Every structure is written in structure tokens, then in C-alpha cells.
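Q:
There are 2 protein chains.
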Amino acid sequence: MVITLADVAKRAGVSRSAVSRTYTEGASVSDKTRSKVMKAARELGYTPNIIARSLATSRTQLVGLVINNFQNPIFLEVLDQFTRLLQERNLRPLLVNLSDNPDPADSVEMLRQYRVDAVIVASSTLPPACSLAFKEVGLPVINVFGRYNPTPDVHVVGIDNQHAGAMAARTLHSRGYRALGFLGGPERATSTQDRLKGFKEGLKSLKLKTSCVHYADNYSYETGYAAMKELLATQQFDALFCGDDVIGMAALGAARDAGISIPKDLGIIGFNDMEMSSWQAFGLTTISQPITDICNSTVELLGNLLENPERGAETRLFPCKVIERDTLRKS
Amino acid sequence: MVITLADVAKRAGVSRSAVSRTYTEGASVSDKTRSKVMKAARELGYTPNIIARSLATSRTQLVGLVINNFQNPIFLEVLDQFTRLLQERNLRPLLVNLSDNPDPADSVEMLRQYRVDAVIVASSTLPPACSLAFKEVGLPVINVFGRYNPTPDVHVVGIDNQHAGAMAARTLHSRGYRALGFLGGPERATSTQDRLKGFKEGLKSLKLKTSCVHYADNYSYETGYAAMKELLATQQFDALFCGDDVIGMAALGAARDAGISIPKDLGIIGFNDMEMSSWQAFGLTTISQPITDICNSTVELLGNLLENPERGAETRLFPCKVIERDTLRKS
DNA sequence: TTTGATTTTGCAACCGGTTGCAATGCAAAA
DNA sequence: TTTTGCATTGCAACCGGTTGCAAAATCAAA
Numbered sequence: 004m005v006i007t008l009a010d011v012a013k014r015a016g017v018s019r020s021a022v023s024r025t026y027t028e029g030a031s032v033s034d035k036t037r038s039k040v041m042k043a044a045r046e047l048g049y050t051p052n053i054i055a056r057s058l059a060t061s062r063t064q065l066v067g068l069v070i071n072n073f074q075n076p077i078f079l080e081v082l083d084q085f086t087r088l089l090q091e092r093n094l095r096p097l098l099v100n101l102s103d104n105p106d107p108a109d110s111v112e113m114l115r116q117y118r119v120d121a122v123i124v125a126s127s128t129l130p131p132a133c134s135l136a137f138k139e140v141g142l143p144v145i146n147v148f149g150r151y152n153p154t155p156d157v158h159v160v161g162i163d164n165q166h167a168g169a170m171a172a173r174t175l176h177s178r179g180y181r182a183l184g185f186l187g188g189p190e191r192a193t194s195t196q197d198r199l200k201g202f203k204e205g206l207k208s209l210k211l212k213t214s215c216v217h218y219a220d221n222y223s224y225e226t227g228y229a230a231m232k233e234l235l236a237t238q239q240f241d242a243l244f245c246g247d248d249v250i251g252m253a254a255l256g257a258a259r260d261a262g263i264s265i266p267k268d269l270g271i272i273g274f275n276d277m278e279m280s281s282w283q284a285f286g287l288t289t290i291s292q293p294i295t296d297i298c299n300s301t302v303e304l305l306g307n308l309l310e311n312p313e314r315g316a317e318t319r320l321f322p323c324k325v326i327e328r329d330t331l332r333k334s
Numbered sequence: 004m005v006i007t008l009a010d011v012a013k014r015a016g017v018s019r020s021a022v023s024r025t026y027t028e029g030a031s032v033s034d035k036t037r038s039k040v041m042k043a044a045r046e047l048g049y050t051p052n053i054i055a056r057s058l059a060t061s062r063t064q065l066v067g068l069v070i071n072n073f074q075n076p077i078f079l080e081v082l083d084q085f086t087r088l089l090q091e092r093n094l095r096p097l098l099v100n101l102s103d104n105p106d107p108a109d110s111v112e113m114l115r116q117y118r119v120d121a122v123i124v125a126s127s128t129l130p131p132a133c134s135l136a137f138k139e140v141g142l143p144v145i146n147v148f149g150r151y152n153p154t155p156d157v158h159v160v161g162i163d164n165q166h167a168g169a170m171a172a173r174t175l176h177s178r179g180y181r182a183l184g185f186l187g188g189p190e191r192a193t194s195t196q197d198r199l200k201g202f203k204e205g206l207k208s209l210k211l212k213t214s215c216v217h218y219a220d221n222y223s224y225e226t227g228y229a230a231m232k233e234l235l236a237t238q239q240f241d242a243l244f245c246g247d248d249v250i251g252m253a254a255l256g257a258a259r260d261a262g263i264s265i266p267k268d269l270g271i272i273g274f275n276d277m278e279m280s281s282w283q284a285f286g287l288t289t290i291s292q293p294i295t296d297i298c299n300s301t302v303e304l305l306g307n308l309l310e311n312p313e314r315g316a317e318t319r320l321f322p323c324k325v326i327e328r329d330t331l332r333k334s
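Protein chains in written order, with our numbering: chain F, 4 to 334; chain W, 4 to 334.
1. Using CA coordinates, which residue listed in F:Tyr-224, F:Thr-195, F:Ser-223 is at the minimum distance from Val-216 (chain F)?
2. Taking Thr-330 (chain F) as the reference, give the member of F:Phe-321, F:Leu-287, F:Ala-219, F:Ser-126 with the closest Cα.
3. For Ala-219 (chain W), would you say it is in contact with chain F, using Cβ-to-Cβ distances shorter than 8 Å as the test?
4. Would you say Arg-45 (chain W) faces chain F, with C-beta separation under 8 Å as the test?
5. When burial is assigned at 16 or more other CB atoms within 10 Å of the CB, is Val-5 (chain F) buried or exposed?
6. Pair every Cβ in the stretch 92-106 of chain F with every Cβ in the stretch 64-76 of chain F, then say whether three or more of these pairs are closer than 8 Å.
7. If the cut is a Cβ gap below 9 Å, which residues of chain W does Gln-116 (chain F) touch?
8. Within its chain, find whatever has a CB closer than 6 Å to the CB of Arg-14 (chain F); leave out the 5 residues flanking it on each side and keep chain order.
9. Quick one: measure Cβ to Cβ for Arg-115 (chain W) and Val-140 (chain W), integer angstroms, because I've assumed they're closer than 8 Å.
10. Between the stretch 184-216 of chain F and chain W, which residues of the former have a C-beta closer than 7 Å to a C-beta of the latter?
11. Taking a contact to mean a Cβ-Cβ separation below 8 Å, would you say Glu-317 (chain W) touches His-158 (chain W) in this structure?
12. Does Gly-256 (chain W) come within less than 8 Å of chain F when only Cβ atoms are used?
13. Nearest CA to the CA of Gln-84 (chain F): which residue from F:Leu-305, F:Ser-334, F:Ser-281, F:Thr-295?
14. Going by CA-CA distance only, name the one from W:Thr-60, W:Asn-152, W:Lys-207, W:Asp-106 that's closest to Gly-168 (chain W).
15. Let me know the beta strand (DSSP E) ranges lying completely inside the stretch 59-125 of chain W, each 3 residues or longer, listed in chain order.
16. Could you work out which residues of chain F lie near Pro-96 (chain W), taking near to mean beta carbons separated by less than 8 Å?
17. At a CB-CB cut-off below 7 Å, which residues of chain F make contact with Glu-91 (chain W)?
18. Give, in chain order, every residue of the stretch 271-284 of chain F whose Cβ lies closer than 7 Å to some Cβ of chain W.
19. Could you tell me which of W:Val-160, W:Leu-58, W:Ser-23 sits nearest to Tyr-117 (chain F), measuring between CA atoms?
20. What span of residues does the beta strand (DSSP E) with Cys-323 (chain W) cover, start to end?
21. Kindly say whether Arg-87 (chain W), judged by its beta-carbon, lies nearer than 8 Å to any beta-carbon of chain F.
22. Could you give the first and the last residue of the continuous beta strand (DSSP E) run that contains Thr-289 (chain W)?
23. Keeping to the same chain, check which residues put their C-beta closer than 7 Å to that of Lys-203 (chain F); ignore five residues upstream and five downstream.
24. Pick from W:Gln-283, W:Glu-28, W:Asn-311, W:Cys-323: whose alpha carbon is nearest that of Arg-259 (chain F)?
25. What three-state label does DSSP hand Asn-146 (chain W) in the structure shown?
26. In the DSSP assignment, find the unbroken alpha helix (DSSP H) run with Ala-9 (chain F) in it and report its ends.
27. Give the secondary structure of Leu-331 (chain F) by DSSP, where H, G and I count as helix, E and B as strand, and everything else as coil.
28. Secondary structure at Gly-286 (chain F), three-state DSSP: helix, strand or coil?
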């Protein structure tokens with residue numbers, strides 16, 4: 004037997020509206036009524052039914068949180084931040100795993116059925132069409148870690164991957180490396196493409212050419228290790244820009260196994276600055292994304308979006324930073 | 004302008020009930036009516052409102068997923084599995100981050116307000132009282148990675164930590180180590196306590212005593228590293244059972260830095276078999292929990308629980324397994 | 001064709017809240 | 001004391017579905 008508004012109203016000797024109003028921010032209720040209601044509610048153990056409220060207000064306070072990468076530990080941090088920030092704003096994350104099927108249609112339908120107030124798509128590997136699909140059914144959507152688009156059709160918060168690629172090129176060059184290779188994540192990921200593009204352009208402006216380009220199909224150690232072995236067997240290079248720290252660490256492992264001296268004979272720079280890159284077993288020099296800034300900005304933008312859903316699409320880019328460790332020669 | 008049941012009904016020339024029934028599993032509708040409705044719905048772009056349905060049926064298909072450990076990468080895998088398994092059953096995970104505030108009261112209230120059908124508390128560090136709090140307000144709850152309790156008041160799915168501790172003791176002993184130490188995770192975590200208890204009992208039946216006992220306050224590398232350094236400075240031992248792989252890897256790092264030969268002069272066994280323990284930079288011998296079995300079993304139990312919420316509390320324990328790598332001598 | 005059993009259908013009440021509107025109460029101003 | 005203005009209150013309709021029940025339709029058997 005569950006307690007409803009009406010029960011509380013009866014016990015407090017007021018109307019149902021009065022009860023509703025004491026639970027509504029900024030509604031007009033006298034202190035006297037409010038305290039009568041509170042008392043009755045406490046005595047009965049009343050808990051407002053948000054589902055019913057959602058129906059009436061057509062606001063659920065639910066936010067779809069779409070993720071497709073449960074391999075990369077960086078996303079655990081992302082989840083941590085998002086859940087915290089959303090909780091602070093009284094928003095609730097409905098988690099969606101898009102790993103196996105990159106076709107968002109089902110998820111779109113599902114989140115629509117739940118009438119979520121907005122959607123966060125956190126992925127650098129999902130195609131832009133995915134976020135668009137949400138927008139097309141009228142759901143406010145933010146693509147975090149998405150691709151920069153000069154004429155955006157969907158809100159994007161993240162980094163400028165091209166710029167980061169150029170930064171990697173300049174950094175390697177400044178340490179005296181000259182034969183620079185690229186070992187990216189999945190080739191189809193826009194983040195990979197953009198980083199490579201920026202890397203190449205960076206090299207060009209330094210009058211250099213990319214020594215080799217190779218990809219790891221996913222962000223696992225094995226894949227990265229195998230890719231690096233192949234690279235070592237077939238290519239010449241004295242420094243490597245890796246599309247992710249996991250791959251960077253795998254490359255580091257493979258190089259060490261091949262007896263290559265790091266950073267003397269080979270320099271490696273990773274991407275993401277995950278927790279364990281700092282462990283002294285690796286000491287991987289890497290480029291970090293300002294995850295905290297990105298997540299904060301996303302949720303803040305989300306807040307604005309809920310006030311004004313028609314707000315035009317914008318792009319928010321944050322600068323990356325080189326994290327100095329032991330896999331590059333000192334400049 | 005959003006399309007409702009009534010709109011579809013009007014266009015299809017049937018009653019609202021008919022529309023509702025075509026969207027309800029196992030309801031009685033003729034094929035003719037059903038197809039008329041489907042056609043109208045398609046033409047109008049109708050999406051049923053699950054919130055309204057939830058209100059009417061008092062079933063939301065929402066499941067609270069409570070996590071408090073966003074540091075340990077193992078939980079990313081857990082999240083991956085749970086989201087997948089829940090999705091398969093048309094259940095939706097509402098993610099709750101209990102990191103900062105271990106007092107579950109707010110979360111209980113929130114999940115209650117959303118009328119979630121059930122709650123999964125996935126944690127080995129939260130006190131049992133936390134899961135109980137959910138039960139007390141009438142929410143079916145399963146504590147995953149929880150503590151074994153011979154007279155359980157809450158459903159528990161996980162491993163027998165005591166048994167695992169004994170397994171660690173036997174394993175170290177069988178490799179010829181005799182001065183066995185324990186470096187656990189947070190002391191207050193029941194999993195830590197139980198593993199230590201089992202470890203001690205295992206030693207006792209081998210006529211040995213624990214050489215030293217120490218704890219790391221959390222599951223981070225730094226903390227583990229510092230704890231290990233202290234241990235090395237103050238204690239004598241030739242093998243160490245670590246409460247978690249992160250700590251194990253930190254211990255490994257600290258030992259190497261101290262110039263200790265592993266596994267010859269010091270054996271280390273970890274816990275959890277996380278992805279990177281297998282990386283050849285570590286090759287950490289460890290004890291693995293059968294995460295997949297545990298998650299499967301949890302969701303299956305959850306399914307049963309939804310059918311019959313009054314089902315008595317049960318405990319489901321799965322066996323752990325030693326994963327042989329390079330940080331123990333061969334037997 | 002009639003009868004009885006079985007499906008299918010629509011009506012209307014209900015799920016548990018919110019909110020516009022008119023009525024009421026109350027205090028300050030006239 | 002009467003009037004005016006504002007804060008409070010309750011009524012009743014509404015949000016978008018589900019479902020028990022009785023009536024209508026369908027089907028098979030007689």
C-alpha cells in the first residue's frame with residue numbers, strides 16, 4: 004500500500020493542490036500549510052512519485068548517457084564525472100551501451116520512449132550521424148569527444164584533435180626526432196583521422212613527411228602490441244605518435260621486447276594521460292585531454308539547453324597539454 | 004506537437020484501448036485492428052510514452068545501478084556487462100554514483116521517487132547497511148560483490164572472499180614461500196576483512212603465521228606504492244598477497260625499484276585479474292573473479308525477483324581461479 | 001438457421017501527480 | 001468602515017497511457 008498525494012492531503016486537512024505545491028519549487032503556499040503538509044507526509048512516509056510528475060510536466064529529469072567504449076579506462080573517469088555533475092543538478096543518467104550495435108536507431112527510440120530531457124553521446128568513435136539521429140527526433144543532444152565542425156548541426160564539446168596532432172608533431176620534432184610515425188586507434192574513428200591529419204600538417208610545416216602510418220583496430224593492448232611489432236618489422240622511424248595511451252603502452256612494451264632503447268633510439272608519445280601512464284613501470288609521455296573541463300562544460304551546456312532547447316548548435320573546444328615523462332628525450 | 008494514443012486511435016478509426024493493446028505484449032487484438040493501428044502509428048510517427056505506461060502499470064523497467072568505485076577499471080567491465088544484460092531484458096539502468104557520500108539515504112529516496120523496479124548495488128566496499136536501506140523501503144535489491152552471510156537479509160551475488168584468501172595462502176605456500184604477508188585494500192571494506200580472515204586461516208592450517216598485515220587506503224597506485232615501501236622497510240616476508248591488482252602492480256613496482264628479484268626473492272599474487280595485469284610489463288599472477296558469471300547470475304536473479312519480489316534472500320557464490328603468470332615461482 | 005463458446009472491442013475509471021482559474025482571506029490604504 | 005491588492009487555496013481538467021467489465025462480433029457446432 005503506497006502513500007499518495009491524496010492520502011497526505013486528507014491527513015493534513017488540505018487540498019491535493021496544496022500538497023503538490025509544497026513539493027514544487029517556488030509555488031505559492033503559506034508556511035502554515037506547508038508545515039501541516041510536511042508533518043502529515045512525514046507521518047505517513049510519503050515519497051512523491053516522479054513518474055507521475057513527469058507525466059504531468061513532461062519533464063523527466065532523465066538524461067540519456069550513451070557510451071560505446073567500455074574498454075578504455077578513461078571512460079570510467081568520464082562516467083564518474085558525469086554522474087556526479089548530473090546528480091548535482093538533480094538530473095539522472097540513463098546509461099546506454101552502444102557497443103555491439105553502432106546503429107543508434109533502437110537507442111533513439113528507447114530514450115524517446117522514456118522522454119529523456121536530453122542526451123549526451125560520449126564517444127569519439129561513433130559516427131556523427133549517431134548524434135544527429137537524436138536531434139532529428141527532437142531530443143537535445145551533446146556530442147562529447149565529438150568532431151569539430153565549422154558548421155555544426157549538433158552541439159560538440161571536446162578537443163581539437165587536429166590541433167592535438169600538430170602538437171604531437173611539434174613536440175617530437177623539438178626533441179630531435181626526425182623520422183616520425185603514427186600509430187592510431189581505429190581508422191574509422193573521426194578522432195583518429197583528425198589527429199593524423201593534424202599530425203601530417205604539423206610535419207609539413209616542419210618540412211617533414213610522415214614516416215609511416217598504421218592503425219590498431221581497437222584500444223586493446225594486444226592489438227596495439229601486434230601493430231607495433233609489425234611496424235617495427237617493416238618501417239623505419241625514430242619516434243611514434245600513438246592514438247591512445249593503451250596503444251602507447253603496448254608500443255612501449257613491444258619496443259622494449261625488441262631491445263630498443265627508449266627514449267634514446269625511439270621516442271613515444273601517447274594520448275589521453277590515463278591514470279596508469281604515470282605509473283613508473285611506464286612513465287609514458289603523453290598528451291592529456293582536460294576531461295574535467297570537458298565534462299563540466301558539457302553539463303553546464305546541458306543545463307542551458309534544458310532552459311532553451313532551440314539554442315543553436317555550438318562547438319566548445321578545450322586545449323590539450325603535453326604531459327612530460329620518460330619516453331621522449333629532453334629538449 | 005507530440006503524438007498520443009488518442010491521435011493514433013482517431014486516425015486508425017479504433018478506440019484508444021485498441022491502440023494500447025497493440026503495444027501490449029499478449030493483449031487481445033485482431034490482426035486486422037493491429038495492422039490498422041500500426042499503419043496509423045507509422046504515418047504519424049507515434050512513440051508510446053513509457054512514463055505514462057509506468058504510471059498506469061506501476062512498473063518502470065528502471066533498475067537502479069549503484070556504484071561507488073570509479074577508480075578500479077574492473078568496474079568498467081562490470082558496467083559493460085550490466086548495461087548489456089539489462090538492455091537484453093528491456094530494463095534500463097539508472098546510474099547512481101555513491102562515491103563521495105556513503106550515506107545511501109539520498110540515493111534511496113531518489114530511486115524510490117523514480118519508482119525503479121529494483122536496485123543493484125555493485126560494491127565490495129559499501130557497508131551491508133547500504134543495501135539494507137533499499138530493502139527497507141520495499142525495493143528489491145541485490146548486492147553484487149557483497150559479503151557472504153549465512154543468514155542473509157539481502158540478496159548477494161559474488162565470491163567467497165574468505166575462501167579466496169585461503170586459496171592465496173595455499174598457492175603461495177605451494178610455491179615454497181614461507182613468510183607470507185598481506186597487503187589489503189581499505190581496511191573497512193568487508194572484502195578486505197574476509198580475504199584476510201581466509202588468508203590467516205589458510206596459513207594456520209599450514210602451520211604458518213601471517214608475517215605482516217598492512218592496508219592501502221584506496222585502490223590507487225600511489226597508495227599501494229607507498230604502503231609497499233613501508234612494508235619493505237619494516238617487515239620481513241618472502242611473498243605477498245595483495246587485495247587488488249592495482250595494489251599488486253604497485254607492490255611489484257616498489258619491489259623492483261628496491262632491486263628485489265621477482266619471483267625469486269619475493270612472490271606477489273594479486274586479486275581481480277584486470278586487463279592490464281596480463282600486459283607483459285607486469286605479468287602479475289593473480290586471482291580472478293568470474294565477473295561474467297557473476298553479472299549474468301545477478302541479472303538472472305533480478306529477473307526472477309521482478310516476477311516474485313517476496314522471494315527470500317539468497318546468496319550466490321562463484322569460485323575464483325588462480326591466473327598463472329610471472330610473479331610467483333613455479334611449483 | 002440457431003445456439004453457445006470464444007474473441008475482440010469500446011467504455012470509463014484509474015494511475016499520481018500539476019496547474020489555470022476563480023474564489024477566498026487578509027492586511028494595508030483610503 | 002469600505003475598498004483595493006496581493007497572497008493562498010481548492011476545484012477540476014489534464015498529462016498519456018492501462019485494464020476490468022460488459023457488449024458486440026465472430027466462429028464452430030448442432
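Ideal Cβ positions, reconstructed from N, Cα and C, are used throughout, including at glycine. In this text, all values refer to a predicted model and were calculated from it rather than measured experimentally.
A: From the atom records:
1. F:Thr-195
2. F:Leu-287
3. no
4. no
5. exposed
6. yes
7. Thr-50, Pro-51, Asn-52, Ile-53, Ile-54, Arg-56
8. Ala-43
9. 6 Å
10. none
11. yes
12. yes
13. F:Thr-295
14. W:Lys-207
15. 65-70, 95-100, 121-125
16. Leu-97, Leu-98
17. The contacting residues do not exist; Glu-91 (chain W) stays about 10 Å from chain F at best.
18. Met-279, Trp-282, Gln-283, Ala-284
19. W:Leu-58
20. Where Cys-323 (chain W) is concerned, there is no enclosing beta strand (DSSP E), given that its DSSP letter is neither H nor E.
21. yes
22. 289-291
23. Thr-213
24. W:Gln-283
25. strand
26. 8-15
27. coil
28. coil
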